[in-house]
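Colleague: As numbered in our numbering, residues 4 to 783 make up the sequence shown, in order.
Once you've had a glance at the structure underneath, I'll fire off some questions.
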Amino acid sequence: MNAVGKPSKHESAVHHVSGKAVYTDDQRQPVGMLSVYPVVAPYAHAWITGIDISAAAAVEGVVTVLTAADVPGKNDTGVIVQDEVLFPTETVSYYGQAIVWVVGETDEAARLGAAKVIVTYEALEPLLSIKAAIAAESFHNQAQVVCQGDAIAALAEVDRCLEGEIEMNGQDHFYLETQASWVIPDGEGHYQVYASTQHPAETQVIVARVLGVTSNQVTVTCLRMGGGFGGKESQANPYASVAAIAAKKTGRPVRVKLKRSHDMTLTGKRHGFLGQYKVGFTSEGKITALDVALYADGGWSLDLSPPVLLRAMLHVDNAYYIPHITVTGRIAKTNKVSNTAFRGFGGPQGMIVTEEVIDRLARALNLPPDVVRERNFYHGAGETNTTHYGQEIYDNRLDRVWQEAKTNANFGARQAAIADFNRTHPYNKRGLAITPVKFGISFNKTHYNQAGALLLIYTDGSIQLNHGGTEMGQGLHTKMLQVAANALGVGMNRFRMMPTSTDKVPNTSATAASSGSDLNGQAVKDACETIKARLSPVAARMLNLDAAEDLVFEDDWIFCKTYPKTRIPFLDVVRQAYDDRISLSATGYYRTPHIYWDEATGKGRPFYYFAYGAAVSEVEVDGFTGTFKLRQVDVVHDVGESLNPLVDRGQIEGAFVQGMGWLTMEELVWDDQGRLRTDAPSTYKIPTICEIPEHFSVHLLTRAAQDGVIYGSKAVGEPPFMLAMSVREAIREAVAAFGNASAVFLAAPATPEATLWAIEQVRSSSTQPAAAPNPQLSTI
4 MNAVGKPSKH ESAVHHVSGK AVYTDDQRQP VGMLSVYPVV APYAHAWITG IDISAAAAVE
64 GVVTVLTAAD VPGKNDTGVI VQDEVLFPTE TVSYYGQAIV WVVGETDEAA RLGAAKVIVT
124 YEALEPLLSI KAAIAAESFH NQAQVVCQGD AIAALAEVDR CLEGEIEMNG QDHFYLETQA
184 SWVIPDGEGH YQVYASTQHP AETQVIVARV LGVTSNQVTV TCLRMGGGFG GKESQANPYA
244 SVAAIAAKKT GRPVRVKLKR SHDMTLTGKR HGFLGQYKVG FTSEGKITAL DVALYADGGW
304 SLDLSPPVLL RAMLHVDNAY YIPHITVTGR IAKTNKVSNT AFRGFGGPQG MIVTEEVIDR
364 LARALNLPPD VVRERNFYHG AGETNTTHYG QEIYDNRLDR VWQEAKTNAN FGARQAAIAD
424 FNRTHPYNKR GLAITPVKFG ISFNKTHYNQ AGALLLIYTD GSIQLNHGGT EMGQGLHTKM
484 LQVAANALGV GMNRFRMMPT STDKVPNTSA TAASSGSDLN GQAVKDACET IKARLSPVAA
544 RMLNLDAAED LVFEDDWIFC KTYPKTRIPF LDVVRQAYDD RISLSATGYY RTPHIYWDEA
604 TGKGRPFYYF AYGAAVSEVE VDGFTGTFKL RQVDVVHDVG ESLNPLVDRG QIEGAFVQGM
664 GWLTMEELVW DDQGRLRTDA PSTYKIPTIC EIPEHFSVHL LTRAAQDGVI YGSKAVGEPP
724 FMLAMSVREA IREAVAAFGN ASAVFLAAPA TPEATLWAIE QVRSSSTQPA AAPNPQLSTI
């Protein structure tokens, strides 16, 4: 019986719900383990004029204070370029930046010691917004351009034209487990690092860099993470490095576990974006030209901002063919935390710009937005099915998911019913919207598209499975067990999934870009095929067969497919292979084929394939409070031939809810000093069970096996996040029903306050000539 395609429960589900799952900071602490606590800056931008640590040393339980002088290697944790000082010595770059770290026998001792450290500053004027950075010409990069045709010339000849802008807030990852790292020195110059990291190999490289040692002296192990969402792809590195420096200096084990307020203050977020656009279109609603400038708020250092911006530039088209398009991108350098990877990795920010454009031109033409969206889909073959970066969409499933979503949701009839409701309810309005998603799957950086695995079979038939991916609750380990069981033809009960560790699988890529199952699944399968190739001749001899090629591995048996009655247990073959001195361990490897990217021309085939989806959302908006209730969601999503429908449905539902949070309620607020005011669950609102509709239908596209991927499956982690655009567009539809305006300007996130402003603008536009929208929320 095949192991893949079955709705198997998460391999750690029982441990999760029973509290037995062990995370980095849940391990049994070694004797003498120390804790650290940061001394943070009270300015967003300042000169550091002095650091006095003498008083901290007198605090009972304080062991030492870490400063830049204690870094044995390089004082930098930057991942693309080395611009990320770990211990600042001259300049404060954002509010709450850690200047020094106090090491104590306990958390409390370290905290009390930190309170005694005296740092003096000379305050400087900070840059706290993208527009301020633009005015000051403060950027991390030169302008990047991706284009097709001649947008400027085409805009001069269009039938109709609109221009405007939209700002998008960032988003905190708000994982359950905050950043955590343990570092244990062995006394011989080697370091065992346990880290909540999505990228153990990169953490290994960064820790080795700051310690001034080679990578083979550092082993990084990730047991599991209590959530990641991109926030532990690069941002885990500084905390592992701090613990490593403390372990080096003291010779003792050291732990870092950030409290929630420190985690929210010190770590990067989803990039806030500013999109400025000029669009040309026909009277039928077909977009003919689009000129877009995208500005990403990179924060104080570069981190992963270049690939985030590039993915935004490559996804600004979403599902739409635009004959003439120019996309220009810049990364603003501001005095905020260094923004980083987040589920969707820039794709959502790019898509929101074009969805804004679609709605604006639809209302300007008095056409239904869903009709305008459908009229602009990629379609056919050749030019009309080729992206602005030159990749043809050979597997275009947009029309399939769109039509199925409309049918499943009974879209037309509900539109009519909502119109009837709105005519009779002056203070509450309902809105219905459908939005599509086309999302490219692969790392932007071609060389990250590789993975490794290690399979160890023991003579009792039990198996250890290692691969380079990390488990953060998304079900990757579960799928890899299914892949291995299916490939070897044995039961999943034979396997023990091992923690991801750099001493088992080296040089791994991050578990990111929705590629965890694609890459690691192929590597696991490759290792299994190697083992099968070794076991098959042994089994053939034991079965008195001539050809090992005809053997089938299935249900813990090995037999000839043309004579299945004669069979032999898998365990017997394993034991015989050991007696025959045949290796029972194997590595596996995979690299994604046929992808490339030319940075100079902005052309290539950066994605191995595309994932597609469509969502219909219905909301009801209260005209007095601006609050909304999500009444119903109907999703159709393309996951190929699902490895695990249960896991995939969970990923789709979770991604949708997280996307809804970003677009409707998760508001990051900095004051005019650059201090993050929403630094706790009490001030930062994420969706709860109360925001989930009773009717939440997720349909996996059928007959959707994808060629060239692991067992026909498709990535599922990130693409569904963008399905939540339908919630924002449904809110916009409801807002529009309060008046008769030719445009609805709705902020992102569409908080109750923002929604009230939009309602007021719609009402005033319906009764007065061309009222300007509120300047705080304007998209024009």
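The beta-carbon is built from N, C-alpha and C at its ideal position, and this holds for glycine as well.
These numbers come from a predicted model, not from an experiment.
1. For L726, which residues of its own chain have a beta-carbon under 8 angstroms away from its beta-carbon, when the five flanking residues on both sides are left out?
2. Can you look up A292 in the DSSP assignment and give me helix, strand or coil?
3. Sort Q406, W760, K482, V319 by Cα distance to T373 and report the nearest one.
4. Tell me which residues share the same chain as A614 and place their Cβ nearer than 7 angstroms to its Cβ, disregarding the 5 neighbours each side in the sequence.
5. When you compare the CB positions of V68 and I56, do they come within less than 7 angstroms of one another, or not?
6. Between Y242 and Q182, what straight-line distance do the alpha-carbon atoms span, to the nearest angstrom?
7. Does the beta-carbon of G192 have 16 or more other beta-carbons within 10 angstroms, so that it is buried, or is it exposed?
8. Bridge partners for L297 per DSSP, in chain order?
9. Out of curiosity, what's the CA-to-CA distance linking A490 and D559?
10. Can you list, in chain order, the stretches of the beta strand (DSSP E) that have 3 or more residues and sit fully within the segment 104-167?
11. Decide if the segment 309-319 is in contact with the segment 93-110; the criterion is three or more beta carbon pairs, one per stretch, under 8 angstroms apart.
12. Which one of E395, Y451, A751 has the shortest CA to CA distance from E168?
13. Are A436 and E736 close, meaning C-beta to C-beta below 7 angstroms?
14. Using the rule of at least 16 other Cβ atoms within 10 Å of the residue's Cβ for burial, across every protein chain shown, is D79 buried or exposed?
15. Could you tell me if F498 is buried or exposed, where buried requires 16 or more neighbouring beta carbons within 10 angstroms of its beta carbon?
16. Take L671 and list the residues in its own chain whose beta-carbon comes closer than 8 angstroms to its own, dropping the five residues that flank it on each side.
17. What runs of the alpha helix (DSSP H), each 4 residues or longer, lie entirely inside the segment 22-79?
18. Could you tell me the distance, in whole angstroms, from the CA atom of I598 to the CA atom of G393?
19. Taking buried to mean at least 16 other C-beta atoms within 10 Å of its own C-beta, is P776 buried or exposed?
20. Do you know offhand how far S769's Cα is from D674's?
21. Taking the alpha carbon of P188 as the point to measure from, which residue in K252, A322, R608 has its own alpha carbon closest?
22. Do the CB positions of V66 and Y714 come within less than 7 angstroms of each other?
23. Suppose you measure from the CA of L649 to the CA of A49; what does that come to, to the nearest Å?
24. In angstroms with no decimal places, state the Cα-to-Cα distance between G265 and V259.
25. Alpha carbon to alpha carbon, how far is P429 from V295?
26. Between P722 and chain B, is the shortest Cβ-Cβ distance under 7 angstroms, so that the two count as touching?
27. Classify N496 as buried or exposed, calling it buried when 16 or more other Cβ atoms lie within 10 Å of its own Cβ.
28. Can you give me the start and stop residues for the beta strand (DSSP E) that I444 sits inside?
29. May I ask which residues mark the beginning and end of the alpha helix (DSSP H) holding I361?
30. Which whole runs of the beta strand (DSSP E) in the segment 562-608 are 3 residues long or more, in chain order?
31. Kindly give me the distance between the Cβ atoms of R591 and A416, rounded to whole angstroms, as I take these residues to be in contact under 8 angstroms.
32. Reducing DSSP to helix, strand and coil, say where E784 ends up.
33. Going along the chain, which residues of its own chain have a beta-carbon closer than 6 angstroms to the beta-carbon of T389, five neighbours each way excluded?
34. Taking all protein chains shown into account, decide if S586 is buried (16 or more other Cβ within 10 angstroms of its Cβ) or exposed.
35. Count Cβ pairs between the segment 460-476 and the segment 321-339 that sit closer than 8 angstroms; are there 3 or more?
36. Mind checking which residues open and close the alpha helix (DSSP H) that includes M663?
Modeller: On the basis of the coordinates in this document:
1. Answer for L726: T438, V440, G616, A617, A618, V638, H640, I655, A658, F659, G662, listed in chain order.
2. In the structure shown, A292 sits in a strand (DSSP, three-state: E or B).
3. Correcting the residue type first, residue 373 is Asp in the shown sequence and not Thr. Ranking the options by Cα distance to D373, first place goes to Q406.
4. Here the set comprises F442, I444, D641, K717, A718, P722.
5. Contact: yes.
6. Taking the CA atoms as reference points, Y242 sits about 7 angstroms from Q182.
7. That one is exposed.
8. The beta-bridge partner set that DSSP reports for L297 consists of G278, G332.
9. Distance between the alpha carbons of A490 and D559 is about 11 angstroms.
10. Segments of the beta strand (DSSP E) lying fully in the segment 104-167: 121-126, 147-151.
11. The segment 309-319, when compared against the segment 93-110, does not touch it at the 8 angstroms Cβ threshold.
12. The residue with the shortest Cα to Cα distance from E168 is A751.
13. In this structure, E736 lies closer than 7 angstroms to A436 by Cβ.
14. Buried, by the Cβ-count rule.
15. Counting every other CB atom within 10 Å of its CB across the protein chains shown gives F498 a total of 16 or more, marking it as buried.
16. N172, G173, Q174, D175, K272, G275, L679, T681, Y687, listed in sequence order.
17. Fully enclosed alpha helix (DSSP H) runs of no fewer than 4 residues occupy 57-60 of the segment 22-79, in order along the chain.
18. Straight-line Cα distance between these residues: approximately 12 angstroms.
19. Only weak support is given to the placement of P776: the predicted model assigns it a pLDDT of 41, under 50, and the value that follows is read from those uncertain coordinates. By the Cβ-count criterion, P776 is buried, with 16 or more other Cβ atoms from all chains shown falling within 10 Å of its own Cβ.
20. Pairing S769 with D674, the inter-Cα distance amounts to about 35 angstroms.
21. Per the Cα distances, K252.
22. Taking a C-beta distance under 7 angstroms as the contact criterion, V66 and Y714 do not qualify as a contact pair.
23. Looking at the two C-alpha atoms, the distance is approximately 51 angstroms.
24. The displayed chain sequence assigns His, not Gly, to residue 265. Approximately 12 angstroms, taken between the alpha carbons.
25. Answer to the nearest angstrom: the Cα atoms are 38 angstroms apart.
26. Of the protein chains in this structure there is only one, and it is not chain B.
27. Exposed, because fewer than 16 other Cβ atoms sit within 10 Å of the Cβ of N496.
28. Per DSSP, I444 belongs to the beta strand (DSSP E) from 431-444.
29. First-last of the alpha helix (DSSP H) with I361: 350-367.
30. Runs of the beta strand (DSSP E) lying entirely within the segment 562-608 and spanning at least 3 residues, in chain order: 566-572, 588-594, 599-601, 606-608.
31. First, the amino acid is wrong: residue 591 is Gly here, not Arg. About 51 angstroms; that fails the 8 angstroms criterion.
32. Within the shown structure, residues of the chain are numbered from 4 to 783, placing residue 784 beyond reach of any answer.
33. Around T389: E395.
34. Classification of S586: exposed, given that the 10 Å Cβ count is below 16.
35. As far as the Cβ criterion goes, the segment 460-476 does not touch the segment 321-339, which means the pair count is below three.
36. Where M663 is concerned, the enclosing alpha helix (DSSP H) stretches over 648-667.
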